[in-house]
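If you use our numbering, the sequence shown corresponds to residues 189 to 301, in order.
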Amino acid sequence: MTRWIVVALLACGCPSKPAEAPTGGTGEAGGVPSGTTCEAMRGKVEQLVRAGTREPDPARLAERVADNTTMVMNDCRKAPDKTTACIAEATSIQELEARCLVPLDDEGTEGDR
C-alpha cells in the first residue's frame with residue numbers, strides 16, 4: 189500500500205503535459221525570433237561574405253571575411269532587431285550590404301550620421 193501512495197504522489201508531482209518548444213509565431217521577422225542577437229547571425233554573415241569574395245589567397249580571404257564581418261556586426265549593434273531580420277533574409281553579401289547596412293559615402297565612410 190505504501191508503494192501505491194508513493195506512485196500516486198510522484199504522478200501528481202509530474203506535469204501531465206510535456207513542455208512545448210516555441211513554435212515561432214508572433215514576434216518573428218524573416219524566420220528570426222525577435223531579440224535574436226547580432227552574434228547569433230555571425231555565422232550567416234561569414235558565410236555570405238566568404239561566398240561573395242573572390243580571393244585565391246587563403247590568408248587574405250580570411251582577413252577579408254573577418255574585416256567585412258566586423259563591419260556588419262558593428263552596424264548590426266546599432267539596430268539589432270531590424271538588422272538581424274534583414275540578415276536572415278539576405279541571400280548574398282551584395283544584398284546584405286545594399287539592404288541591411290549603413291551606406292558608405294564615396295570616401296568609404298558612413299554617410300549622414
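C-beta: ideal position from N, C-alpha, C; glycine also.
Quick caveat, the model's predicted, so the values are computed rather than measured.
If you check the CB distance, CYS264 and THR257 do not come in under 8 Å. Per DSSP, the continuous alpha helix (DSSP H) segment holding MET259 begins and ends at 246-266.
In this structure, VAL260 sits away from VAL290, with a CB-CB distance that is not shorter than 8 Å. Across the set ALA278, ARG287, ASP293 and ALA286, the C-alpha of ALA278 shows the shortest separation from the C-alpha of GLY231. In the structure shown, LEU292 adopts extended strand secondary structure according to DSSP, grouped into three states. Looking at the backbone, the Cα of GLY240 and that of GLU285 are separated by about 11 Å.
GLU283 and GLU295 have their C-alpha atoms spaced approximately 21 Å apart. Assigned with DSSP and collapsed to three states, ALA273 falls in helix. A direct Cα-Cα distance of roughly 22 Å separates ALA254 from LYS270.
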